[in-house]
Amino acid sequence: ESYIGWGEPSDKSVGRFNSYWKGATSVVAKGDGSVKKKQTSFMAYSLIENEKRILSELNSIHFPKLLGSDEGEIIVEDCGDPLIVKNMPYDWRSQLIEILIELKSSKVIHRDIKPDNLMIKNGVIKLIDFGWARMEDDEEDLPPPTCLGYPYKPSWGFDDTFSMNRIIKQYEFELEEKENTLCESLA
Numbered sequence: 194e195s196y197i198g199w200g201e202p203s204d205k206s207v208g209r210f211n212s213y214w215k216g217a218t219s220v221v222a223k224g225d226g227s228v229k230k231k232q233t234s235f236m237a238y239s240l241i242e243n244e245k246r247i248l249s250e251l252n253s254i255h256f257p258k259l260l261g262s263d264e265g266e267i268i269v270e271d272c273g274d275p276l277i278v279k280n281m282p283y284d285w286r287s288q289l290i291e292i293l294i295e296l297k298s299s300k301v302i303h304r305d306i307k308p309d310n311l312m313i314k315n316g317v318i319k320l321i322d323f324g325w326a327r328m329e330d331d332e333e334d335l336p337p338p339t340c341l342g343y344p345y346k347p348s349w350g351f352d353d354t355f356s357m358n359r360i361i362k363q364y365e366f367e368l369e370e371k372e373n374t375l376c377e378s379l380a
């Protein structure tokens, strides 16, 4: 069992409609238009409280809306499905850039921008998972794990613009591959 990335838990009885996932730090359950997230590892960090604090500062269609919280968990709006080439909107590039602009104007540093944290709902791309995020003026207490944001972060530390640019290049490559495959099938 890996603590990095997402995997389906072995207990199929948990979660409404068995719709839940275990990530590197949390268990996430979907149901009734909302997502419930509970921290399960890296307990030295207050990831749920931090995510709650950061989400309360953000107000955009590109970030999850905080619907509520309970001890040790948060409830946010369901942000849809993972963003992949098959469900990518025509304006995907401008939406990803808009996300960066909104983070910067809110003085939020996400620190874990990667494809796993990009979702799409009704044509709107949403950036999720703000547990490791910080405000620009926050003082650093415990350093985050070095694997955070890998392989999309630069070697020198955290840079949301660098990470998003790597993702844009990856999606461009995947779209070009899809287009080439389609053209070859028509030839």
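Residue numbers (the numbering used here): 194 to 380. Ideal Cβ positions, reconstructed from N, Cα and C, are used throughout, including at glycine. The structure presented is a predicted model; accordingly, all values stated were derived computationally and were not measured.
DSSP, read as helix, strand or coil, puts Leu259 in strand.
Where Glu266 is concerned, the enclosing beta strand (DSSP E) starts and stops at 266-270.
DSSP places Met328 within a strand segment (E or B) once states are collapsed to three. Annotation: the continuous alpha helix (DSSP H) that includes Met357 extends over 353-379. Counting C-beta pairs closer than 8 Å gives fewer than three between the stretch 269-278 and the stretch 290-303, which falls short of the contact rule. The DSSP-derived three-state label of Lys279 is helix. The beta-carbon separation of Ile277 and Val317, rounded to 15 Å, does not stay under the 8 Å limit for a contact.
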